[in-house]
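The structure appears below as structure tokens.
Chains as they are written, first to last, in the numbering used here: chain A, 1 to 13; chain B, 1 to 109.
As structure tokens, then:
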């Protein structure tokens, strides 16, 4: 991911 | 499995863990709800594995957003084909090469 971006996840088992 | 959102770091985005569930990610950007969601096809056996159905959760979120008078932007894979139908009062016209409307598409609108 390029440095200026963030990621938020909602993972599932 | 799961869902995610990628956004520019400088945006004041917050996650609402209390509103999230399997395949439903709920974020807020100031006074706007951002929802990233995956809805399996209506007939999918995947629904047996959910503690909270993502369809029900989406419905709850729509109610909450309406109650709080907060706009909600939904993104993801909803397996909802809406053809050229539109929702709401005086919506912008829609021109889709996919003219099929499925029952999920109708209920989404």
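Ideal Cβ placement from N, Cα and C applies to all residues, glycine included.
Per DSSP, residue 60 (chain B) is one residue of the alpha helix (DSSP H) stretching across 54-67. Setting aside the 5 residues that flank it on each side, residue 80 (chain B) is surrounded in the same chain by 104, 105 and 108, each with a C-beta closer than 6 Å to its C-beta; the list follows chain order. Rounded to whole angstroms, the gap between the alpha carbons of residue 9 (chain B) and residue 4 (chain A) is 6 Å. Going by C-alpha positions, residue 14 (chain B) is about 34 Å away from residue 101 (chain B). Under the DSSP assignment, residue 8 (chain B) falls in the beta strand (DSSP E) whose first and last residues are 2-8. In the DSSP assignment, residue 34 (chain B) falls within the beta strand (DSSP E) that extends over 32-38.
For residue 10 (chain A), the closest of B:89, B:98, B:99 and B:54 by C-alpha to C-alpha distance is B:54.
Around the C-beta of residue 36 (chain B), 16 or more other C-beta atoms lie within 10 Å, and the residue is accordingly described as buried. In the structure shown, residue 83 (chain B) falls within a coil segment according to DSSP collapsed to helix, strand and coil.
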